[in-house]
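Chains as they are written, first to last, in this note's numbering: chain A, 22 to 183; chain B, 123 to 690.
Notes for the one structure printed next.
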Ligand SMILES: Cc1ncc(C[n+]2csc(CCOP(=O)(O)OP(=O)(O)O)c2C)c(N)n1
């Protein structure tokens, strides 16, 4: 099962190695990792997606909390948090299928960043399933390059609203 | 950050902060990148520096000092090769939760990352083997890092920390000498409140008919011996300890069943099979003790630990108390009821009678078990004993009974050959009035043998008990039992003359080979407070029993009397 961990850490060099090293050392696999500074320049937020049962995730949480630079670890339940990922995709088009491509883009609420005679560069954000979905739909056109940020997440304040 | 007006160098500040932390002794080895610090240390009247012969010696000495005194152990090394020589000791201290502060020099900040002379990324290298580490980039950050590091090393589950100081940071001036606030979360250094329900916890013990306490190294770190004794006596529960827990409960106590695990006593391992309740106090269900999920198959399992990550890590448990062991036991105690456990106790007594620790002492050769028993008697069990790793380590654990905590120093988690001699030296510096004995083997001894010079230089009274079987004995034992006697690279075809070698360092030494010489040997070895080495020649075939073969569990324990079974 996929779990999304939101982790607050001190923002200084080496913290990333400490965290990712912990996963390597204990034999856990990271599906995605995204890091950015918070409103406090001293503190960064990391979102880590990992695959594992409750036992594995419990171990990871406990081990993470042992790192002095880790300030907080939250397991984000899908129902009570927003989870987003940004993807940039450049793919091929031809004169024939250009309008089909544009229709798809419209339907998916995709931002078009660049259009040339034979290519489109788009930006899309959504949950990981939606991101994977759009990549699948665009694949037949011929994908030139993809860049995904990895998932980020934040908990809803009002837990009653889903 | 609070400031004073007078600017001092980073190196000066490092010395002053060590003094303020109450550090009285450091073990180290100088070099270019740490010279500014050493220059300031020259002026210190409060800190004694012990110059070692190899940085591995420095960190094991710091470990021996820390484990025998309960204080912080400090070691110093220069950048690059000096720092990398600390790796084994850092790993050892991490595995056995020893509070160590390692201070390393580093090339100047503007040279970092350029493959400068004697540069090593010690920060990166030691991430997985320290509890905390940091590279200090500005003299102004020094005070904060120092305070954080020491608190982390000593707090919670103790462990090693490493601080890396570039040369220019040691030379740079600063006025910031006090950390106004720490950046790390308090749970890393504050004593956590006990979490869980002590009453429910105690009740599970109260209803047990055959309870067993299983005590680990955490008991030593939390200074919980008195509480454990009170708990065992109140509950009328037998106590077994891990290798790391030896001394946390008196080995001579009627409720003691000695050590459990791979080379633990048969009665401890059988008690584990028979008990209906097992209470783990500061142990970690290490794989040398609890091989499989069915560990203590008939028992309700309970666990007290300061490290939440240890719960259900390898073995699932039914009851959990999270917190410092001493505090936790104090909270459980009022709810514990006595109960009549006479049947269980007499069951344990007969296990002890029918499955004693045993060896064949009939021949003319010296048996290490016999020799250790004589040393135990002669020292009245009051020595601090360090060991290296191998058969001698297990014999010492089995045949020298430990009644007090902090008197047994052994590399448990990592199994580090080379640990024993420097650990004994560190312990002697911390306990100058106690008899300190290093029990070693002819293999292990040669791993840090250069520290004999450190003994000689400080005129230290360390006793070395060297069991010479001209083999890497433990390797030989496995090869004999599990590799059809193919003794691949375990026999020494050359060993130095250990007696002459010790004498070269002005350490009185003697070799004995026959049983008739034992008394003479023990007398010689322990006759005064000075250092001495006794080389005891023992048969290469002598084995450590009982033994749970690798990959097997308690059920498969082999005792001395079953040796025949194993050979088939
Ligand atoms: C640094 C290191 N290298 C290798 C080993 C593997 N090892 C474990 S016990 C042992 C033999 C130890 O021989 P010795 O010190 O002579 O003690 P004995 O078993 O003979 O008492 C070896 C090689 C180890 N524990 N540590």
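All C-beta atoms, glycine included, are put in the ideal place defined by N, C-alpha and C.
Interface residues of chain B around residue i at Cβ under 8 angstroms?
i                     : result
residue 92 of chain A : 307
Which value, in whole angstroms, describes the spacing of the CA atoms of residue i and residue j?
i                      : j                      : result
residue 486 of chain B : residue 638 of chain B : 8 angstroms
residue 233 of chain B : residue 256 of chain B : 17 angstroms
residue 62 of chain A  : residue 32 of chain A  : 7 angstroms
residue 249 of chain B : residue 564 of chain B : 33 angstroms
residue 141 of chain A : residue 70 of chain A  : 29 angstroms
residue 298 of chain B : residue 268 of chain B : 12 angstroms
residue 346 of chain B : residue 378 of chain B : 16 angstroms
residue 589 of chain B : residue 504 of chain B : 21 angstroms
residue 536 of chain B : residue 318 of chain B : 31 angstroms
residue 128 of chain A : residue 122 of chain A : 10 angstroms
residue 143 of chain B : residue 271 of chain B : 11 angstroms
residue 570 of chain B : residue 217 of chain B : 20 angstroms
residue 123 of chain B : residue 309 of chain B : For residue 123 of chain B, the pLDDT reaches just 49, beneath the cut-off of 50, and the residue's location in the model is therefore unreliable, leaving the point undetermined.
residue 680 of chain B : residue 361 of chain B : 22 angstroms
residue 341 of chain B : residue 109 of chain A : 55 angstroms
residue 524 of chain B : residue 497 of chain B : 13 angstroms
residue 50 of chain A  : residue 279 of chain B : 26 angstroms
residue 373 of chain B : residue 320 of chain B : 27 angstroms
residue 237 of chain B : residue 534 of chain B : 36 angstroms
residue 542 of chain B : residue 511 of chain B : 8 angstroms
residue 316 of chain B : residue 442 of chain B : 10 angstroms
residue 661 of chain B : residue 515 of chain B : 16 angstroms
residue 37 of chain A  : residue 174 of chain B : 35 angstroms
residue 277 of chain B : residue 221 of chain B : 9 angstroms
residue 625 of chain B : residue 576 of chain B : 14 angstroms
Throw me the rounded Cβ distance for the residue i and residue j pair, which I believe falls under 8 angstroms.
i                      : j                      : result
residue 530 of chain B : residue 490 of chain B : Going by Cβ atoms, the distance from residue 530 of chain B to residue 490 of chain B rounds to 17 angstroms, so no, they are not a contact pair.
residue 334 of chain B : residue 393 of chain B : 5 angstroms
residue 43 of chain A  : residue 92 of chain A  : At roughly 15 angstroms, the Cβ-Cβ gap does not stay under 8 angstroms, so residue 43 of chain A and residue 92 of chain A are not in contact.
residue 258 of chain B : residue 286 of chain B : 7 angstroms
residue 113 of chain A : residue 165 of chain A : 6 angstroms
Are residue i and residue j touching if we call contact CB-CB under 8 angstroms?
i                      : j                      : result
residue 29 of chain A  : residue 66 of chain A  : yes
residue 68 of chain A  : residue 172 of chain A : yes
residue 219 of chain B : residue 343 of chain B : yes
residue 182 of chain B : residue 578 of chain B : no
residue 386 of chain B : residue 367 of chain B : no
residue 230 of chain B : residue 288 of chain B : yes
residue 26 of chain A  : residue 77 of chain A  : no
residue 429 of chain B : residue 313 of chain B : no
residue 604 of chain B : residue 480 of chain B : no
residue 185 of chain B : residue 195 of chain B : yes
residue 700 of chain B : residue 461 of chain B : Past the edges of chain B, shown from 123 to 690, lies residue 700 of chain B, and the structure says nothing about it.
residue 22 of chain A  : residue 74 of chain A  : yes
residue 242 of chain B : residue 206 of chain B : yes
Does any CB atom of chain D fall closer than 8 angstroms to the CB of residue i?
i                      : result
residue 165 of chain A : Among the chains of the structure shown, chain D does not appear; the protein chains present are A and B.
Anything in chain B within Cβ reach of residue i, meaning under 7 angstroms, just list it in chain order.
i                     : result
residue 39 of chain A : 249
residue 46 of chain A : 250
residue 31 of chain A : 305
Can you name the residues of chain A whose CB is closer than 8 angstroms to the CB of residue i?
i                      : result
residue 430 of chain B : 83 and 86
residue 274 of chain B : 89
For residue i, which residues in chain B fall below 9 angstroms Cβ to Cβ?
i                     : result
residue 80 of chain A : 431, 434 and 435
residue 35 of chain A : 245, 246, 249, 255, 256 and 257
Between the options, which has its C-alpha nearest residue i's C-alpha?
i                      : options                       : result
residue 80 of chain A  : A:47, A:37 and A:118          : A:47
residue 560 of chain B : B:451, B:154 and B:647        : B:647
residue 488 of chain B : B:372, B:642 and B:612        : B:642
residue 24 of chain A  : A:116, A:104 and A:169        : A:104
residue 129 of chain B : B:190, B:262, B:295 and B:166 : B:295
residue 611 of chain B : B:618, B:601 and B:619        : B:601
residue 213 of chain B : B:242, B:195 and B:253        : B:253
residue 553 of chain B : B:506, B:534 and B:439        : B:506
residue 239 of chain B : B:204, B:163, B:374 and B:184 : B:204
residue 369 of chain B : B:411, B:351, B:357 and B:359 : B:351
residue 556 of chain B : B:200, B:652, B:132 and B:276 : B:652
residue 189 of chain B : B:304, B:316, B:551 and B:669 : B:551
residue 85 of chain A  : A:40, A:154, A:99 and A:115   : A:40
residue 134 of chain B : B:293, B:178 and B:353        : B:293
residue 303 of chain B : B:332, B:322 and B:265        : B:265
residue 421 of chain B : B:153, B:468 and B:440        : B:440
residue 152 of chain B : B:615, B:668, B:177 and B:656 : B:177
Chain A partners of residue i, CB-CB under 7 angstroms?
i                      : result
residue 310 of chain B : 89
residue 254 of chain B : 89
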